[in-house]
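Per my numbering, the sequence shown starts with residue 48, numbered consecutively.
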Amino acid sequence: MNSTIKRVLIYLLSILIIFVVIELLSLYINNTFIFPSVKKILTAFFDVIKDYKTYLYIGNTILNLLISLVISFILGMILGVLGGLFKYVRVFLKPWITILRSIPLASCIVIIMIIAGLNKTPYFVCTIMVMPIIYEGFCEGIINIDKSLMDFWRLNSKINLLVLTKVHFPLIINSIKLSFISAIGIGIKVVIMAEFLAGVKNTLGEAIILYSDLIAYDYVWAYSIIMILIVIIIENLPYLIAYFYRYLRDKIASKTIYY
């Protein structure tokens, strides 16, 4: 059996086990208002995806996430590269990164809402949580590059934009990829939490507020499934693009050879 098919089957088996666990917990708790059954959750899910407002919520939340990720990525990349290349910059930034990684969000989110305004709160909250992850991906990646390679490039060239893009970044691409995947997973949760607490209009956070107030937890779970699907799609988007690129390239190549 093809290894890709095996991975897909194992992935689907894992999802099936998750649904079984949810159903068992629902039976154990025996309160469908608090912990609805899988059937109720799926019914709510299909109701939700038929509602045009859901796509407005999804679009606004994804926009908030993408803006936050772009800000976090730019800041994290600049500071991470500087920290990775220069030891004293890394030492200077360490207390700041430690504070950002460990600060309890509950203690500062009200201040952020007052200073930034409700609609901009998701950007600030997500950047505070995600930027240190991106920073460490770049910083640790550069630090862990083979020293002999760096010594060779130092002898032949000074650090410049070309050396960074042609030498450093390709060598740390796996570290960047892992940190970005982690950032997406944390980012979507943080953005929706910020939307929820700030009451940002027409977002997934507002939808959760609405159904929580109505004690319709099957719909809250339905929106949770949507959030999980968004993360899965965004995380796998680079792989899907690469797969279709290779597929189209091979198709074009085969037609060219044939003719």
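All residues carry an ideal CB built from backbone N, CA and C; glycine is no exception.
Computed from a prediction, not measured in an experiment: that's the story for all the values here.
Based on Cα-Cα distance, which residue from the options lies nearest to residue i?
{"i": "Gly234", "options": "Ile281, Leu140, Phe291", "result": "Ile281"}
{"i": "Asn191", "options": "Gly130, Pro169, Met176", "result": "Gly130"}
{"i": "Phe243", "options": "Leu225, Glu253, Lys97", "result": "Glu253"}
{"i": "Ile223", "options": "Leu257, Gly127, Cys173", "result": "Gly127"}
{"i": "Gly188", "options": "Asp98, Thr145, Phe227, Leu276", "result": "Phe227"}
{"i": "Ala269", "options": "Thr174, Val55, Phe93, Ser61", "result": "Phe93"}
{"i": "Cys173", "options": "Cys186, Ile275, Cys155, Gly184", "result": "Cys155"}
{"i": "Ser137", "options": "Cys186, Gly232, Arg293, Val278", "result": "One point to set straight first is that residue 137 is Arg, not Ser, in the sequence displayed. The option with the nearest alpha carbon to Arg137 is Cys186."}
Distance cutoff 8 Å, beta carbons only. Does residue i sit that close to anything in chain D?
{"i": "Phe171", "result": "Absent from the structure: chain D. Only one protein chain is present."}
I'd like the span of the alpha helix (DSSP H) that includes residue i, first residue to last.
{"i": "Ser149", "result": "134-149"}
{"i": "Asn221", "result": "220-245"}
{"i": "Thr90", "result": "85-96"}
{"i": "Leu251", "result": "251-260"}
{"i": "Ile189", "result": "168-190"}
{"i": "Ala163", "result": "152-163"}
Tell me which residues share the same chain as residue i and place their Cβ nearer than 6 Å to its Cβ, disregarding the 5 neighbours each side in the sequence.
{"i": "Gly123", "result": "Met178, Ile181, Tyr182"}
{"i": "Asp265", "result": "Pro83, Lys87, Ile88, Ala91"}
{"i": "Met240", "result": "none"}
{"i": "Ser119", "result": "Thr174, Val177, Met178, Ile181"}
Looking only at its own chain, which residues have a Cβ that is under 7 Å from the Cβ of residue i, when we skip the five neighbours before and after it?
{"i": "Leu72", "result": "Phe82"}
{"i": "Glu70", "result": "Ser84, Val85"}
{"i": "Gly246", "result": "Leu165, Glu253, Ile256"}
Given a threshold of 16 other Cβ atoms within 10 Å of its Cβ, counted over all protein chains shown, does residue i qualify as buried or as exposed?
{"i": "Asp297", "result": "exposed"}
{"i": "Leu140", "result": "buried"}
{"i": "Val238", "result": "buried"}
{"i": "Tyr104", "result": "buried"}
{"i": "Gly184", "result": "buried"}
{"i": "Ile57", "result": "exposed"}
{"i": "Tyr75", "result": "exposed"}
{"i": "Asn107", "result": "buried"}
Under 8 Å Cβ to Cβ from residue i, same chain only, skipping five residues before and after it: list those, please.
{"i": "Phe66", "result": "Val85"}
{"i": "Val95", "result": "Thr101, Tyr266, Ala269, Tyr270, Ile273"}
{"i": "Ser61", "result": "none"}
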